[in-house]
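Have a look at the structure below before the remarks.
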């Protein structure tokens, strides 16, 4: 069994998601937003965020791969599963669980921008700037975290621990 220490408590995560939702509700008052969750990690965050939004919401998902067989990014990015719906003329919010190297989003943002959304915003639950290889403009960040291997709230270690209600550090 892996040892996991709590980095961000369940209560702190829930409070911050509510704050992020409040900001989105304010910024998009009178509009409909289209959330694009990046699979698999964003599922918990995008669902919790969507539940707290008071503006009309539609949702879609994409799956992007930037990892080879190991735990380190290969640097090669590809779309594994594309959006089911067009985002043309829609107010789109991309929802990520974590942004570390920036490789995935620096690849994805120009592609989605080219699909002519009315607006494009990027929100992430976690940002790990110490790992950044490519700069990405993030509109809303839940928490800035140190360079540690984290799990919970959608983040996994060998497909385990996504269901933890907090953000934890795997101690090796």
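Numbering (my numbering), first residue to last: 116 to 287. For glycine and all other residues, C-beta sits at the position ideal for the given N, C-alpha and C.
Check                                                                                                                                                                  : Outcome
Between the beta-carbon of residue 272 and the beta-carbon of residue 287, is there less than 7 Å?                                                                     : no
Grab me the residues of residue 154's own chain with a C-beta within less than 6 Å of its C-beta, minus the 5 sequence neighbours each way, in chain order.            : 176, 178
How many Å lie between residue 196 and residue 222 at the Cα?                                                                                                          : 15 Å
Mind checking which residues open and close the beta strand (DSSP E) that includes residue 118?                                                                        : 118-123
Does the separation of the CB atoms of residue 125 and residue 280 fall below 7 Å?                                                                                     : yes
Taking only the alpha-carbon atoms, compute the straight-line gap between residue 255 and residue 118 and give it to the nearest angstrom.                             : 30 Å
Curious, which full-length beta strand (DSSP E) runs of at least 3 residues does the region 152-240 contain?                                                           : 172-182, 188-196, 206-214
Between residue 150 and residue 212, is the Cβ-Cβ spacing less than 7 Å?                                                                                               : no
Identify which residue in 238, 214, 141 has its Cα closest to the Cα of residue 170.                                                                                   : 141
Please classify residue 301: does DSSP put it in a helix, a strand, or coil?                                                                                           : For the chain, the structure presents residues 116 to 287; residue 301 sits outside this window and is missing.
Where do the ends of the beta strand (DSSP E) carrying residue 285 lie?                                                                                                : 282-286
CA-CA distance, residue 130 and residue 238?                                                                                                                           : 16 Å
I need the DSSP call for residue 278, collapsed to helix, strand or coil.                                                                                              : coil
Can you find the residues in the same chain that come closer than 6 Å, C-beta to C-beta, to residue 209, ignoring five residues on each side of it along the sequence? : 151, 237
Any idea if residue 144 is buried or exposed, counting beta-carbon neighbours within 10 angstroms, 16 or more meaning buried?                                          : exposed
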